[in-house]
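Novice: Numbering (the working numbering), first residue to last: 29 to 318. Glycine included, each C-beta is placed from N, C-alpha and C at the ideal position. Since the structure is predicted, the reported quantities are computational estimates derived from the model, not experimental observations.
#1: Does the segment 162-177 come close enough to the segment 192-208 that 3 or more CB-CB pairs lie under 8 Å?
#2: Is it buried or exposed for residue 239, if we count other Cβ within 10 angstroms and need 16 for buried?
#3: Take residue 163 and list the residues in its own chain whose beta-carbon comes closer than 6 Å to its own, dropping the five residues that flank it on each side.
#4: Taking the beta strand (DSSP E) that residue 316 belongs to, which residues open and close that run?
#5: Specify, as a first and last residue, the run of the alpha helix (DSSP H) that residue 216 falls within.
#6: According to DSSP, is residue 14 part of a helix, a strand, or is it coil?
#7: With distances taken between CB atoms, is the gap from residue 292 to residue 165 smaller than 9 Å?
#8: Is the segment 245-258 touching the segment 213-233, taking contact as three or more C-beta pairs under 8 Å?
#9: Compute the beta-carbon to beta-carbon distance between residue 113 and residue 255, rounded to the nearest angstrom, for a pair I have assumed lies under 8 Å.
#10: Taking the straight line between their C-alpha atoms, what separation do you get for residue 157 and residue 119?
#11: Rank 232, 273, 141, 266 by C-alpha distance to the C-alpha of residue 151 and give the top, closest one.
#12: Just verifying my parser: in three-state terms, what is the DSSP assignment at residue 80?
#13: Under the rule that 16 or more other beta-carbon atoms within 10 Å means buried, what is residue 214, buried or exposed?
#14: Quick check on this structure: which residue in 138, 206, 187, 109 has the alpha carbon closest to the alpha carbon of residue 266?
#15: When the Cα of residue 241 is compared with those of 183, 252, 226, 253, which residue comes out closest?
#16: Whole angstroms is fine: what's the gap from residue 224's alpha carbon to residue 304's?
#17: Taking all protein chains shown into account, decide if residue 260 is buried (16 or more other Cβ within 10 angstroms of its Cβ) or exposed.
#18: Between residue 187 and the rest of its own chain, which residues show a CB-CB distance below 6 Å, the 5 nearest in sequence each way excluded?
#19: Tell me the DSSP secondary structure of residue 195 in three-state form.
#20: Name the two residues that bound the continuous alpha helix (DSSP H) containing residue 122.
#21: Just how far apart, CA to CA, sit residue 135 and residue 121?
#22: Within the same chain, show all residues whose beta-carbon is closer than 7 Å to that of residue 155, passing over the 5 residues directly before and after it, in chain order.
Written out as structure tokens, the structure is:
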């Protein structure tokens with residue numbers, strides 16, 4: 029190759045390299061807070077491969093936190109929950125409390141977009157007293173007359189995992205899920221398995237029209253999300269509670285609590301819970317995958 033052409037190509041290469049390095053620095057500076065947040069939360073999240081998104085190369089590696097080691101880029105795919113957790117962090121208040129209408133709208137947009145499920149804080153003119161609160165442990169509910177802990181589970185594994193929580197001494201807010209074992213459907217079973225108890229009695233307007241509100245709340249689906257790990261479950265309202273003095277805003281069945289990785293007591297944590305707009309009953313109960 030002629031010498032002048034070689035010099036020309038080298039100049040273009042140098043120019044492109046500098047431009048590429050500048051772009052990398054710009055990306056890192058723009059998303060610096062995201063990098064730092066992910067680094068601080070690395071114990072809970074599988075985010076080693078996040079560096080692959082930005083195609084970092086040697087010229088600016090020293091400026092990137094050591095957490096984003098290029099040696100881990102090929103080890104595992106990016107967990108989509110990482111982005112959900114970060115998005116929620118940016119729209120949730122720092123303290124656990126009822127959301128403002130603007131906060132509620134922002135959270136609803138994030139969840140609807142992420143899970144492809146339409147979530148709302150208000151449905152048919154009705155809303156709960158909160159959409160962001162602490163969840164407590166509930167017991168199993170009797171699904172039909174005569175249901176007990178010996179007949180409650182589908183297999184020995186479920187009995188081993190969840191039998192220790194016992195069965196509530198009373199019925200849920202809507203009585204039995206089925207009139208008898210022979211009449212119980214798969215949907216009835218799922219409704220008990222993935223139920224939540226919410227403070228229906230604290231809903232604005234509840235005391236003025238108890239019957240209408242209870243009919244609305246009966247087995248109403250809600251998306252319940254742990255904002256600290258991104259896990260979500262479609263649950264249904266099958267009981268009322270807990271009492272206001274408990275400083276908890278809702279309760280979850282043993283299966284709901286296990287999947288969300290939430291516990292009761294001093295280590296209790298918050299969840300987001302919004303109505304699911306599902307007039308055709310197409311959204312199944314249970315854990316939601318990303």
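Specialist: Taking the structure as given:
#1: yes
#2: By 1-based counting over the chain shown, the position of residue 239 is 211. The residue is exposed, with fewer than 16 neighbouring Cβ atoms inside 10 Å.
#3: Position 135 of the chain shown, counted from the start, is the residue given in the question as residue 163. Answer for residue 163: 278, 280, 290, 299, listed in chain order.
#4: Start at 1 with the first residue of the chain shown, and residue 316 comes out as number 288. Its beta strand (DSSP E) spans residues 314-316.
#5: The sequence position of residue 216 within the chain shown is 188, counting from 1. Start and end: 214-221.
#6: This structure cannot settle anything about residue 14, because the visible part of the chain is limited to 29 through 318.
#7: Residue mapping note: residue 292 aligns to position 264 of the chain shown, counting from 1. Residue mapping note: residue 165 aligns to position 137 of the chain shown, counting from 1. For residue 292 and residue 165, yes; Cβs fall inside 9 Å.
#8: yes
#9: Your numbering for residue 113 matches position 85 in the chain shown. Your numbering for residue 255 matches position 227 in the chain shown. About 7 Å; that satisfies the 8 Å criterion.
#10: Your numbering for residue 157 matches position 129 in the chain shown. Your numbering for residue 119 matches position 91 in the chain shown. Taking the straight line from one Cα to the other gives about 19 Å.
#11: Translated into the one-based positions of the chain shown, residue 151 becomes position 123. For residue 151, the nearest C-alpha among the options comes from 232.
#12: The count along the chain shown starts at 1 and reaches residue 80 at position 52. Per-residue confidence for residue 80 stands at a pLDDT of 43, beneath the threshold of 50, marking its modelled position as unreliable; no derived number is given.
#13: Locating residue 214 in the chain shown gives position 186, where the first residue counts as 1. Exposed, by the Cβ-count rule.
#14: Indexing the chain shown from 1 puts residue 266 at position 238. The residue with the shortest Cα to Cα distance from residue 266 is 206.
#15: Within the chain shown, residue 241 is the residue found at index 213, counting from 1. When only C-alpha atoms are compared, the closest one is 226.
#16: Sequence index remark: in the chain shown, residue 224 carries index 196 (1-based). Sequence index remark: in the chain shown, residue 304 carries index 276 (1-based). So the two alpha carbons sit approximately 14 Å from each other.
#17: On the chain shown, residue 260 is found 232 positions in, with the first residue counted as 1. Per the 10 Å Cβ criterion, buried.
#18: Along the chain shown, read from residue 1 onward, the residue named residue 187 stands at position 159. So the qualifying residues of the chain are 181.
#19: If you number the chain shown from 1, residue 195 lands on position 167. Note: residue 195 maps to strand in three-state DSSP.
#20: In the chain shown, the residue the question calls residue 122 occupies position 94. Where residue 122 is concerned, there is no enclosing alpha helix (DSSP H), given that its DSSP letter is neither H nor E.
#21: Position 107 of the chain shown, counting from 1, holds the residue named residue 135. Position 93 of the chain shown, counting from 1, holds the residue named residue 121. Distance between the alpha carbons of residue 135 and residue 121 is about 11 Å.
#22: To locate residue 155, count along the chain shown from 1; it is residue 127. Counting only Cβ-Cβ distances below 7 Å, and skipping sequence neighbours, we find 149, 231, 232.
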